[in-house]
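**Q** Below are the C-alpha cells for one structure; questions will follow.
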Amino acid sequence: MTSELVVDVQPKEVSIALLEDKSLVELQSEGRNISFSVGNMYLGRIKKLMPGLNACFVDVGYEKDAFLHYLDLGPQFNSLEKFVKQTLSDKKKLTSISKATLLPDLDKDGTVSNTLKVGQEVLVQIVKEPISTKGPRLTSEISFAGRYLVLIPFNDKVSVSQKIKSSEERARLKQLLMSIKPKNFGVIVRTVAEGKRVAELDGELKVLVKHWEDAMVKVQKATKYPTLIYEETSRAVGLLRDLFNPSFENIHVNDEAVYNEIKD
0 MTSELVVDVQ
10 PKEVSIALLE
20 DKSLVELQSE
30 GRNISFSVGN
40 MYLGRIKKLM
50 PGLNACFVDV
60 GYEKDAFLHY
70 LDLGPQFNSL
80 EKFVKQTLSD
90 KKKLTSISKA
100 TLLPDLDKDG
110 TVSNTLKVGQ
120 EVLVQIVKEP
130 ISTKGPRLTS
140 EISFAGRYLV
150 LIPFNDKVSV
160 SQKIKSSEER
170 ARLKQLLMSI
180 KPKNFGVIVR
190 TVAEGKRVAE
200 LDGELKVLVK
210 HWEDAMVKVQ
220 KATKYPTLIY
230 EETSRAVGLL
240 RDLFNPSFEN
250 IHVNDEAVYN
260 EIKD
C-alpha cells in the first residue's frame, strides 16, 4: 500500500488529503487567519476587567480585544507572571527557567479582580481565533506543541497519552521524559511518540525548549505592547505535524512558501 499527502494551500483555507493507493481516506481543512492563529503568543495589555464574568479583555493588537477568563489563566499563572515581570525589568540578564522558584498554583476559586489590573502586561496564547464580531480567545497556560511532545513551562509533571494502551510503554515514556526534561518544564507525551527512541524525543524536546527561550528573549526586548512573542507554525505544517508518519512515499504541495517551511 502506498500512502501520500496532498496539501492544497488557498488564501483562506488549507486542506490536506491523505491518500492510500490513490484513494482518499482522510481530508482535513482549516481556515487561515495568518495574523492571529491558534498557538501564537503575545505580550498583551489588560484593557478591561469583567468581574461579573470573572474575565477580562486583553489588547493583543487585533481590532477587537481578546477574551481571557480567570480559569484560563492556568494553574501556573503566579509563576509565569513573576517570571515575565522579572524578564521585563532586567534588560541585561535573562534568567533561566530552571532557576525560577515555582509559586503555589492559582486559586481555582479566585477572582480576576484580585489577580489582574487594568494596564497590566500579561503573556497570553491564542486558543480560538477571532470570528465575526468577536476577538480571539486566550489562555495564559502557555504551551509549545511538537509532533511527539507538548512542552508546558512552570509545570514539572509528565503525562502520557492514554491512547497508548501498553502500560509498559507508557511507563517507559514517562520515565524517559522525566530523566531528560529540564527543571520547571512539564511535558505531555502524544500518542505518536509510542515506540520512539530517546534520540528522537530528546531532539524534539530541545527544539521546544529553544522556542521558549527565544520567546523570553522577545519578552525581554519588548518596548511596546502588545507584542507578538511567538508565532505558531503555519496551518499546513501544523496539520502535517499531526498527520505525518514515515511511511508516506510522497507529499505534494501547491505553495512554494509552505513547501520550503515543510522541507525545513
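Residue numbering for the sequence shown follows numbering that gives the first Met the number 0, beginning at 0 and increasing consecutively. Virtual Cβ for every residue (Gly too), placed ideally from N, Cα, C.
Give every residue of the same chain whose Cβ lies closer than 7 Å to the Cβ of A99, excluding the five residues on either side of it in the sequence, and list them in chain order.
**A** As a working mapping, residue 99 is identified with position 100 in the sequence shown. Result list for A99: S78, F82, N183, in chain order.
**Q** Can you tell me which of V6, T1, M0 puts its alpha carbon nearest to the alpha carbon of N259?
**A** By one-based count along the sequence shown, residue 259 stands at place 260. N259 has its Cα closest to that of V6, out of V6, T1, M0.
**Q** Around the C-beta of S139, are 16 or more other C-beta atoms found within 10 angstroms, so that it is buried, or is it exposed?
**A** Here the question's residue 139 lines up with position 140 in the sequence shown. Its Cβ being crowded by 16 or more others within 10 Å, S139 is buried.
**Q** Kindly list the residues whose CB is nearer than 6 Å to the CB of A65, restricted to its own chain and excluding five residues on each side of it in sequence; keep chain order.
**A** Stepping through the sequence shown from its first residue, residue 65 is reached at position 66. Taken in chain order, the residues that qualify are V57, V59, G134, P135, L137.
**Q** Give the straight-line distance between the Cα atoms of E168 and Y147, rounded to the nearest whole angstrom.
**A** Your numbering for residue 168 matches position 169 in the sequence shown. Your numbering for residue 147 matches position 148 in the sequence shown. Answer to the nearest angstrom: the Cα atoms are 14 Å apart.
**Q** Tell me, to the nearest whole angstrom, how far the beta carbon of V257 is from that of V37; I am working on the premise that it is less than 8 Å.
**A** Reading the sequence shown from its first residue, position 258 is the one you call residue 257. Reading the sequence shown from its first residue, position 38 is the one you call residue 37. Contact flag wrong, Cβ pair sits at about 17 Å.
**Q** Just checking my contact of G185 with N154 at CB under 8 Å: how many whole Å lie between their CB atoms?
**A** Your numbering for residue 185 matches position 186 in the sequence shown. Your numbering for residue 154 matches position 155 in the sequence shown. Contact holds; Cβ gap of about 3 Å.
**Q** Output the distance between the C-alpha atoms of H210 and G73, rounded to the nearest integer angstrom.
**A** Along the sequence shown, read from residue 1 onward, the residue named residue 210 stands at position 211. Along the sequence shown, read from residue 1 onward, the residue named residue 73 stands at position 74. Cα-Cα distance, rounded: 20 Å.
**Q** Using CA coordinates, which residue listed in T86, A170, E12 is at the minimum distance from S28?
**A** Taking the sequence shown and counting its residues from 1, one reaches residue 28 at position 29. Ranking the options by Cα distance to S28, first place goes to E12.
**Q** Would you identify the three-state DSSP class for R189, choosing helix, strand or coil?
**A** Taking the first residue of the sequence shown as position 1, residue 189 is located at position 190. Correct three-state label for R189: coil.
**Q** Hey, quick one: how far does the beta strand (DSSP E) through L227 stretch, first residue to last?
**A** In the sequence shown, residue 227 corresponds to position 228, counting from 1. Segment 226 to 229, the beta strand (DSSP E) holding L227.
**Q** Flag this pair as touching only if the stretch 156 to 175 and the stretch 101 to 118 have three or more C-beta atom pairs under 8 Å; answer yes or no.
**A** Touching, no.
**Q** Are there any heavy atoms of the ligand FAD lying less than 7 Å away from the beta-carbon of F143, as far as the coordinates show?
**A** In the structure shown, the ligand FAD is absent, as is every other ligand, since no ligand is present at all.
**Q** How would you label E128, buried or exposed, when you count the other beta carbons within 10 angstroms and need 16 or more for buried?
**A** By one-based count along the sequence shown, residue 128 stands at place 129. E128 should be labelled buried.
**Q** Between the C-alpha atoms of S142 and K205, what's the straight-line distance to the nearest angstrom?
**A** Counted from its first residue, the sequence shown places residue 142 at position 143. Counted from its first residue, the sequence shown places residue 205 at position 206. Going from the Cα of S142 to the Cα of K205 covers about 14 Å.
**Q** Excluding the five sequence neighbours on either side, which residues of its own chain have a C-beta within less than 8 Å of the C-beta of Y224, listed in chain order?
**A** Locating residue 224 in the sequence shown gives position 225, counting from the first residue. Around Y224: L42, G43, R44, D58, E120.
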